[in-house]
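All residue numbers for the sequence shown refer to the working numbering, where the first residue is 1200 and numbers rise by one.
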Amino acid sequence: MKYNNVLTIISFIFLIKVKLYNSLPVAVLHGFQQTCNSYNLQTLVDYIKSKTTHYARCIETGGGSKDISLSFYEQAKKACEIISQDSNYNSDFAIVSISQGGVLARYVIEKCQMTGHVKVFASIGGPLSGTHQLPHCQRGVTCHTLNSLVDWFVYKEYIQDSIGPAGYFRVSNHLDRYTNSKSLLLDINNQGENIDINAKNRFSSLDLLILIAFKRDTMISPKESAHFGEYDEKHKVVDMKDTDIYKNDLFGFKTLDEANKIKKFWVDEVHCNYNFVDIDMYIIPYIRDNP
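Listed below in structure tokens is the structure:
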């Protein structure tokens, strides 16, 4: 009899641990010109599965050249469609995003019509406050000329409708063009004419926001965008707490911060050059042990 009672107690404790360990299914959103069937993405998804013993998959929003030729709204809506049709995401789940996948993840969290709710969002090197210039092109006459052309054309409606990355450009020395555009970034920042209270409530309902930035990042500009930092009109980096989107709590970012639900990390590497030690340290514990 005592033996049976002991077994019952042990089984109960085991079930509690399994419940914690089997916490959240994970949706992985890939970066620019990556594809879900690439070795790196498949390895990451398999690694997350092995560490969490739960469901994980990569969400194909475009991939390869389609990341350029599909508008960012099309890519975002495709992510919504795939996630909303997957019954594994009908309850609480986590998103792990790489690079531009972080901007798409913000759209999913704020705008998607779906049964489930995102509880943990981990962004790896995401241009979350946009990018100011072309990748790896911040100095020199040639880059200055190319970036000037981008500045002039990037907010044109036909460019926004036909080139994916145009959806998260934020050229700081001509913010009037940005604020008058149909940019997806402007939309999810709640900086348009109509404030979406529901989007703000959904983003601020996250249990945890994990922001990973890279110290030697030249892909996104500024690199602090991965922590929601941005350039001002004089090309100086503005910390996330000094930005208008934070001060005015436009989409719930300040609410999360004041509730101590944001974790920020720096990795001493180039853009998104992470390893599984980084994943183990900064992401796995929070999606595995989320109660």
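By construction, the Cβ of each residue, glycine as well, lies at the ideal position given by its N, Cα and C atoms. Computed from a prediction, not measured in an experiment: that's the story for all the values here.
- DSSP places HIS1229 in the coil class of the three-state scheme, outside both helix and strand.
- Counting along the chain, ARG1487 sits inside the alpha helix (DSSP H) bounded by residues 1483–1487.
- In this structure, ALA1275 lies near VAL1307, with their beta-carbon atoms less than 9 Å apart.
- VAL1317: member of the beta strand (DSSP E) spanning 1316–1323, first to last residue.
- Taking ASP1406 as the centre and dropping the five residues before and after it, the same chain places the C-beta of LYS1318, VAL1319, LYS1460, ASN1489 closer than 7 Å to its C-beta, in chain order.
- Per DSSP, the unbroken alpha helix (DSSP H) holding VAL1307 starts and ends at 1300–1310.
- No residue range can be given for ILE1362, since it is assigned to no beta strand (DSSP E) and is classified by DSSP as neither H nor E.
- Here GLY1301 is near LEU1228, since their CB atoms are less than 9 Å apart.
- Distance check between MET1480 and each of THR1417, ALA1321, PRO1334, ASN1287 places ALA1321 closest, using alpha-carbon atoms only.
- Annotation for SER1403: no beta strand (DSSP E) segment contains it, though the alpha helix (DSSP H) segment containing it runs 1396–1403.
- Annotation for ILE1282: no beta strand (DSSP E) segment contains it, though the alpha helix (DSSP H) segment containing it runs 1271–1283.
- Looking at the DSSP output, LYS1462 shares a beta bridge with ILE1409.
- Just measuring C-alpha positions, the residue of PHE1292, ALA1278, GLU1356, PHE1368 sitting nearest GLY1261 is ALA1278.
- Looking at ASN1236, ALA1226, GLU1309, VAL1225, the one whose alpha-carbon comes closest to that of ASN1397 is GLU1309.
- Residue pairing by DSSP places VAL1436 opposite TYR1430 in a beta bridge.
- Of LEU1345, LEU1408, ILE1323, the smallest CA-CA separation from LYS1414 is found for ILE1323.
- SER1380 sits buried, since 16 or more C-beta atoms from the chains shown fall within 10 Å of its C-beta.
- Per the DSSP secondary-structure output, SER1296 pairs in a beta bridge with LEU1228, SER1322.
- 9 Å or more divides the Cβ of GLY1325 from the Cβ of ILE1247.
- By the Cβ neighbour-count rule, VAL1349 is buried, with 16 or more other Cβ atoms within 10 Å of its own.
- If you ignore the 5 residues before and after LYS1250, its C-beta comes within less than 6 Å of the C-beta of ILE1483, all in its own chain and listed in chain order.
- The C-alpha of ILE1444 is placed about 24 Å away from the C-alpha of GLU1356.
- Shown here, CYS1257 sits in a strand according to DSSP, grouped into three states.
- In the structure shown, PHE1352 adopts helical secondary structure according to DSSP, grouped into three states.
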